[in-house]
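Let me begin by presenting the structure, written as structure tokens, before commenting on it.
Protein chains: 2
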Amino acid sequence: MSLFTLTHTDGSARRGHLTTAHGVIQTPAFMPVGTQGAVKALTAQHLEDVGAEIILGNTYHLYLRPGDELIARRGGLHKFIGWSRPMLTDSGGYQVFSLSDRRKIEELGVHFRSHHDGSAHLLTPEKAVEIQANLGSDIAMVLDECPALPSTPAIIDTSLELTARWARRCRNRFLELKGEGKGHAQFGIVQGGTFPELRQKSAELTVSIGFDGYAIGGLSVGEPNETMYQVVEQTVPFLPVSQARYLMGVGTPIDLVEAVARGIDMFDCVMPTRNARNGQLFTSEGPLNIKNARFAEDDEPVDPACGCYTCRRFSRAYLRHLFMAGEMTGGTLNTLHNLSFYLDTMRRIREAIAFGRFEDFRQSFHRTFTRRALIS
Amino acid sequence: MSLFTLTHTDGSARRGHLTTAHGVIQTPAFMPVGTQGAVKALTAQHLEDVGAEIILGNTYHLYLRPGDELIARRGGLHKFIGWSRPMLTDSGGYQVFSLSDRRKIEELGVHFRSHHDGSAHLLTPEKAVEIQANLGSDIAMVLDECPALPSTPAIIDTSLELTARWARRCRNRFLELKGEGKGHAQFGIVQGGTFPELRQKSAELTVSIGFDGYAIGGLSVGEPNETMYQVVEQTVPFLPVSQARYLMGVGTPIDLVEAVARGIDMFDCVMPTRNARNGQLFTSEGPLNIKNARFAEDDEPVDPACGCYTCRRFSRAYLRHLFMAGEMTGGTLNTLHNLSFYLDTMRRIREAIAFGRFEDFRQSFHRTFTRRALIS
Numbered sequence: 002m003s004l005f006t007l008t009h010t011d012g013s014a015r016r017g018h019l020t021t022a023h024g025v026i027q028t029p030a031f032m033p034v035g036t037q038g039a040v041k042a043l044t045a046q047h048l049e050d051v052g053a054e055i056i057l058g059n060t061y062h063l064y065l066r067p068g069d070e071l072i073a074r075r076g077g078l079h080k081f082i083g084w085s086r087p088m089l090t091d092s093g094g095y096q097v098f099s100l101s102d103r104r105k106i107e108e109l110g111v112h113f114r115s116h117h118d119g120s121a122h123l124l125t126p127e128k129a130v131e132i133q134a135n136l137g138s139d140i141a142m143v144l145d146e147c148p149a150l151p152s153t154p155a156i157i158d159t160s161l162e163l164t165a166r167w168a169r170r171c172r173n174r175f176l177e178l179k180g181e182g183k184g185h186a187q188f189g190i191v192q193g194g195t196f197p198e199l200r201q202k203s204a205e206l207t208v209s210i211g212f213d214g215y216a217i218g219g220l221s222v223g224e225p226n227e228t229m230y231q232v233v234e235q236t237v238p239f240l241p242v243s244q245a246r247y248l249m250g251v252g253t254p255i256d257l258v259e260a261v262a263r264g265i266d267m268f269d270c271v272m273p274t275r276n277a278r279n280g281q282l283f284t285s286e287g288p289l290n291i292k293n294a295r296f297a298e299d300d301e302p303v304d305p306a307c308g309c310y311t312c313r314r315f316s317r318a319y320l321r322h323l324f325m326a327g328e329m330t331g332g333t334l335n336t337l338h339n340l341s342f343y344l345d346t347m348r349r350i351r352e353a354i355a356f357g358r359f360e361d362f363r364q365s366f367h368r369t370f371t372r373r374a375l376i377s
Numbered sequence: 002m003s004l005f006t007l008t009h010t011d012g013s014a015r016r017g018h019l020t021t022a023h024g025v026i027q028t029p030a031f032m033p034v035g036t037q038g039a040v041k042a043l044t045a046q047h048l049e050d051v052g053a054e055i056i057l058g059n060t061y062h063l064y065l066r067p068g069d070e071l072i073a074r075r076g077g078l079h080k081f082i083g084w085s086r087p088m089l090t091d092s093g094g095y096q097v098f099s100l101s102d103r104r105k106i107e108e109l110g111v112h113f114r115s116h117h118d119g120s121a122h123l124l125t126p127e128k129a130v131e132i133q134a135n136l137g138s139d140i141a142m143v144l145d146e147c148p149a150l151p152s153t154p155a156i157i158d159t160s161l162e163l164t165a166r167w168a169r170r171c172r173n174r175f176l177e178l179k180g181e182g183k184g185h186a187q188f189g190i191v192q193g194g195t196f197p198e199l200r201q202k203s204a205e206l207t208v209s210i211g212f213d214g215y216a217i218g219g220l221s222v223g224e225p226n227e228t229m230y231q232v233v234e235q236t237v238p239f240l241p242v243s244q245a246r247y248l249m250g251v252g253t254p255i256d257l258v259e260a261v262a263r264g265i266d267m268f269d270c271v272m273p274t275r276n277a278r279n280g281q282l283f284t285s286e287g288p289l290n291i292k293n294a295r296f297a298e299d300d301e302p303v304d305p306a307c308g309c310y311t312c313r314r315f316s317r318a319y320l321r322h323l324f325m326a327g328e329m330t331g332g333t334l335n336t337l338h339n340l341s342f343y344l345d346t347m348r349r350i351r352e353a354i355a356f357g358r359f360e361d362f363r364q365s366f367h368r369t370f371t372r373r374a375l376i377s
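As you go down the protein sequences, you meet chains A and B in turn.
For what it's worth, my numbering labels the leading residue of the first sequence as 2, then goes sequentially.
For what it's worth, my numbering labels the leading residue of the second sequence as 2, then goes sequentially.
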């Protein structure tokens with residue numbers, strides 16, 4: 002049975018849903034990032050209030066602290082963190098590769114040292130699957146190598162072949178564990194840098210293994226936006242129409258719209274939550290920086306077109322005060338708003354696709370969102 | 002018309018209510034502290050959820066940032082921070098006196114330098130009244146001098162006489178502003194250190210001016226608990242039965258029970274909120290320190306006898322994880338619990354007094370709360 006059900010198409014844009022072990026997710030979907038078992042500054046109640054249908058957990062962080070085995074003994078990540086809706090976990094690879102001089106890659110896996118205490122660890126493809134099974138994730142990701150961009154075709158080719166061999170080992174271990182009743186669904190990851198023929202090769206290798214869905218990885222790592230859109234456009238045709246497509250680590254509101262236009266169904270990004278804590282708030286007329294002095298006496302809500310708790314109840318002047326005073330409450334209210342903005346955007350995208358008006362929506366979103374680059 | 006209505010007495014304990022410009026508060030009442038226009042780590046919704054009927058705002062902080070005049074232009078503190086229930090503000094004096102070498106007291110008032118930017122300010126009794134009128138507080142406090150303890154009778158006597166002269170000036174300015182439609186109610190503050198005859202003198206001087214309620218100040222500054230209880234017991238007889246009595250800056254859950262037993266109606270303290278952020282959680286069986294390793298695999302709620310959101314949904318193991326990981330969400334969930342514990346304790350106190358069972362409640366609270374000093 003396929004995880005994904007495609008219900009509408011509109012150009013390359015797709016409307017559908019994913020049926021997971023913890024419920025159904027409407028797509029295109031945005032997943033707030035709950036790195037260490039919490040979306041920073043929010044409670045589970047806040048996430049329900051803004052209508053998050055799925056969140057992402059970071060395997061690297063949870064493996065190190067409090068430990069996946071401890072979480073398994075608590076009944077899994079859902080029970081441990083009090084979140085009963087679907088959860089996707091990454092493989093831990095991305096964070097491990099970010100450790101640069103504290104990690105070493107070989108065929109077997111990645112040796113790395115914890116950023117907490119320097120302790121030595123080995124993350125193999127099998128181990129990445131086992132950790133995610135301990136967490137009880139609804140959608141687990143394979144361990145892939147994420148080479149830095151820009152890079153040469155030779156380096157990227159070697160890397161994507163390693164990623165494909167790891168993907169095969171991940172799938173084998175996943176199917177073994179599934180036979181024991183552990184694990185729900187697993188996505189493969191397509192690499193290949195910015196080279197269309199290498200993206201095609203990686204996609205074909207990954208699809209030939211056979212996963213419950215496919216991610217496009219290795220993007221949003223500093224390359225120009227147009228390059229990213231182009232790579233997505235060139236990769237999507239090699240992915241099965243009948244399965245979900247997840248663009249990892251993306252992105253700005255415009256990126257979401259542009260990637261949906263190219264056939265992407267799922268996203269995750271720390272941008273709405275991290276930027277909120279830094280005072281950058283997204284609005285239908287573009288981002289604004291709440292610490293700017295011009296908001297000191299501004300009685301308007303962050304976004305008059307937004308119906309979130311923050312916008313219904315508080316002014317820009319109050320949010321600016323909380324930011325300047327360093328009050329945690331400001332981080333919470335800002336995060337609530339930015340996530341509301343992202344999740345509302347996804348709702349509007351889904352609605353537009355269902356009614357065959359996605360291109361109109363896309364044009365109109367661009368006009369209003371980018372009219373002013375930054376209100377400041 | 003009196004602000005305070007006494008509905009029940011049980012020994013020296015009193016049950017009643019305060020009728021303010023923004024609604025009725027049941028007493029004995031505990032006021033969470035919202036220093037800079039927010040109770041740290043919480044939103045207004047959280048405060049409503051835990052049933053806070055009144056919060057306290059700090060004049061010193063709000064005067065410096067964002068400024069009382071800016072808040073007045075926003076429509077007052079209630080509107081600015083999105084809180085429609087009653088609010089009490091202190092005079093700013095306590096924080097100014099804490100600046101020690103950055104302030105100088107004279108008859109006119111206190112000269113001080115801002116802890117933000119070193120700018121020079123003068124806080125006079127009149128100014129303290131005006132700032133609080135700008136904030137629109139439901140209950141304003143007079144500017145008093147808080148001498149450090151221990152001290153000599155001579156020093157305390159000189160200080161309480163200054164406090165009484167300042168109280169008269171505060172009252173005069175308050176009544177002037179009230180004539181102009183600004184300001185709602187004002188409490189006087191009794192000083193006198195730990196000397197019964199000086200407490201009596203300060204109480205008589207303050208009551209002779211005539212306020213809408215009376216606070217006992219200058220306690221909970223490091224003196225033994227028993228001394229504090231004794232001073233409260235010796236001071237209360239000199240306060241009018243028909244008006245509310247507020248013990249400033251107090252205290253532990255046991256302190257609240259003991260002060261109610263001696264006739265106190267109102268409290269404020271940063272303890273439940275500050276300790277929450279530091280991982281100390283109050284329970285019906287005493288405090289526990291959530292960072293202790295023994296909670297790493299503890300699936301129980303913080304307090305199985307508590308019905309707050311945190312206890313209904315999350316385990317000690319999860320709260321410990323959030324604390325160890327430095328997640329803000331932990332601060333929010335811990336604060337929600339500690340405030341719930343304090344406000345529930347006040348509800349149980351009020352219920353016990355109304356049913357004439359306060360002494361039973363008090364004995365039983367002591368037995369369960371202090372059975373173990375600290376679960377760790």
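All C-beta atoms in this analysis are idealised placements derived from N, C-alpha and C, irrespective of residue type, glycine included.
Output yes if chain B places a C-beta closer than 9 Å to the C-beta of residue i; else output no.
i, result
"Asp300 of chain A", "yes"
"Leu71 of chain A", "yes"
"Val40 of chain A", "yes"
"Glu127 of chain A", "no"
"Ala165 of chain A", "no"
"Thr379 of chain A", "Coverage of chain A is limited to positions 2 through 377, which leaves residue 379 of chain A absent and any answer about it impossible."
"Tyr64 of chain A", "no"
"Leu4 of chain A", "no"
"Arg86 of chain A", "no"
"Leu57 of chain A", "no"
"Arg373 of chain A", "Residue confidence for Arg373 of chain A is low, a pLDDT of 46 falling below 50, so the modelled location carries little weight; the figure read from the coordinates is stated next. It does not; no Cβ of chain B falls within 9 Å."
"Thr44 of chain A", "yes"
"Ala318 of chain A", "yes"
Beta strand (DSSP E) containing residue i: first to last residue?
i, result
"Ile190 of chain A", "Gln187 to Val191"
"Leu19 of chain A", "Ala14 to Thr21"
"Phe268 of chain A", "Met267 to Asp269"
Thinking just about the alpha-carbon of each residue, which of the options is nearest to the one in residue i?
i, options, result
"Glu286 of chain A", "A:Ile255, A:Ala260, A:Arg295 and A:Ala277", "A:Ile255"
"Asp91 of chain B", "B:Thr164, B:Ile72, B:Ala141 and B:Leu43", "B:Ala141"
"Ile265 of chain B", "B:Gly194, B:Ser13, B:Gly58 and B:Thr284", "B:Ser13"
"Arg172 of chain B", "B:Pro126, B:Ser203 and B:Asp158", "B:Pro126"
"Leu65 of chain A", "A:Ser365, A:Ile132, A:Arg103 and A:Arg358", "A:Ile132"
Tell me the DSSP secondary structure of residue i in three-state form.
i, result
"Leu4 of chain B", "coil"
"Arg373 of chain B", "Any reading at Arg373 of chain B needs caution, since the residue's pLDDT is 46, under 50, leaving its predicted position unreliable; the model's value is listed next. Looking at Arg373 of chain B - three-state DSSP - the assignment turns out to be coil, as it is neither helix nor strand."
"Ile26 of chain B", "strand"
"His112 of chain B", "strand"
"Met142 of chain B", "strand"
"Leu248 of chain B", "strand"
"Asp11 of chain B", "strand"
"Lys105 of chain A", "strand"
"Ala121 of chain A", "strand"
"Ile55 of chain B", "coil"
"Asn276 of chain A", "helix"
How close, in whole Å, do the beta carbons of residue i and residue j come, if the pair is a contact with beta carbons under 8 Å?
i, j, result
"Ile217 of chain B", "Val191 of chain B", "5 Å"
"Phe315 of chain A", "Gly280 of chain A", "Contact flag wrong, Cβ pair sits at about 14 Å."
"Lys41 of chain B", "Thr274 of chain B", "5 Å"
"Asp139 of chain B", "His23 of chain B", "5 Å"
Indicate whether at least one CB of chain A lies closer than 9 Å to the CB of residue i.
i, result
"Ile376 of chain B", "Per-residue confidence for Ile376 of chain B stands at a pLDDT of 42, beneath the threshold of 50, marking its modelled position as unreliable; the derived number appears in the next sentence. No, because no Cβ of chain A sits closer than 9 Å to the Cβ of Ile376 of chain B."
"Gln96 of chain B", "no"
"Arg321 of chain B", "yes"
"Arg314 of chain B", "yes"
"Ile1 of chain B", "The structure shown does not extend to residue 1 of chain B, since chain B is modelled only from 2 to 377, so the question has no answer here."
"Met325 of chain B", "yes"
"Ala297 of chain B", "yes"
"Gln37 of chain B", "yes"
Counting along the chain, where does the alpha helix (DSSP H) carrying residue i start and finish?
i, result
"Gly332 of chain B", "Met329 to Ala355"
"Leu178 of chain B", "Pro154 to Gly180"
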